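>
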Amino acid sequence: MIRPILIHPDPRLKKPCEPVAIFDGALRKLAEDMFETMYDAPGIGLAAPQIGVMQQILVMDCIKDGPPRPMALVNPRVIWASEDLSSYEEGCLSIPDQYAEVRRPAEVRVAWQGLDGSEQEEQFAGLWATCVQHEIDHLNGKLFIDYLGPLKRQMITRKMEKLKRERARQG
Ligand code: K1U
Ligand code: ZN
Numbered sequence: 000m001i002r003p004i005l006i007h008p009d010p011r012l013k014k015p016c017e018p019v020a021i022f023d024g025a026l027r028k029l030a031e032d033m034f035e036t037m038y039d040a041p042g043i044g045l046a047a048p049q050i051g052v053m054q055q056i057l058v059m060d061c062i063k064d065g066p067p068r069p070m071a072l073v074n075p076r077v078i079w080a081s082e083d084l085s086s087y088e089e090g091c092l093s094i095p096d097q098y099a100e101v102r103r104p105a106e107v108r109v110a111w112q113g114l115d116g117s118e119q120e121e122q123f124a125g126l127w128a129t130c131v132q133h134e135i136d137h138l139n140g141k142l143f144i145d146y147l148g149p150l151k152r153q154m155i156t157r158k159m160e161k162l163k164r165e166r167a168r169q170g
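Per numbering that gives the first Met the number 0, the sequence shown starts with residue 0, numbered consecutively.
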């Protein structure tokens, strides 16, 4: 089921999420809906608060060409980050059509739980590293525009307020 994606500003996009404690069919259905919503958008990642679910789960698939690699990360945490940084022009499904350069660690090692509760660990580089950090930020109530200066952030926020007013009028 494709779920509606929340658009900034929304208080749910600013709040930290709760850790997942129960690994059951409802969690697997949530992940399934998140993959469907992400691929439909289309996007390369999606975090649960973007669909209004305040739990620590994210999905991503950064393969552009070739067979897909859908990944679902529950309770993810960065356990190591490289000192060297890389810059990428990020976008966000909750901030449509707005892009900005963000500098983040070029490589990160992330630990998480699978949908069955099993412990997992992997090192990410390139677009995967950028995406997993962007999605973990969502779980902590942080958006990529929080890395920008106040003027740029305010300009984007005003555009999003206008977009939401227009969408509400259209019904
Ligand atoms: O979390 C999100 O809002 C999803 C976001 C992830 C992301 C993009 C770029 C850098 C870091 C994280 C997106 O997927 S925006 C859409 C996008 O980047 C894209 C869409 C279609 C094809 C390729 C990329
Ligand atoms: Zn985002």
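Glycine residues also receive a C-beta, built at the ideal position from the N, C-alpha and C atoms. Small disclaimer: the values here were computed from a predicted structure and weren't measured.
#1: Which partner residues does A110 have in the DSSP bridge list?
#2: What is the C-beta distance between K163 and I6, in whole angstroms, given that I count them as a contact (C-beta under 8 Å)?
#3: Once you ignore the five residues that flank N74 on each side, which residues in its own chain have a CB closer than 7 Å to its CB?
#4: Roughly how far, in whole angstroms, is the beta-carbon of V101 from the beta-carbon of V131, given that I think they are within contact range, below 8 Å?
#5: Within 8 Å: the Cβ of A30 and any heavy atom of ligand 1?
#6: What residue does the alpha helix (DSSP H) around N53 start on, and which one ends it?
This is what the structure gives:
#1: R76 and E120
#2: 6 Å
#3: P18, V19, Q55, W111 and Q112
#4: About 13 Å separates the two Cβ atoms, so there is no contact after all.
#5: no
#6: Note on residue identity: the sequence assigns Met, not Asn, to residue 53. Per DSSP, M53 belongs to no alpha helix (DSSP H) and is neither H nor E.
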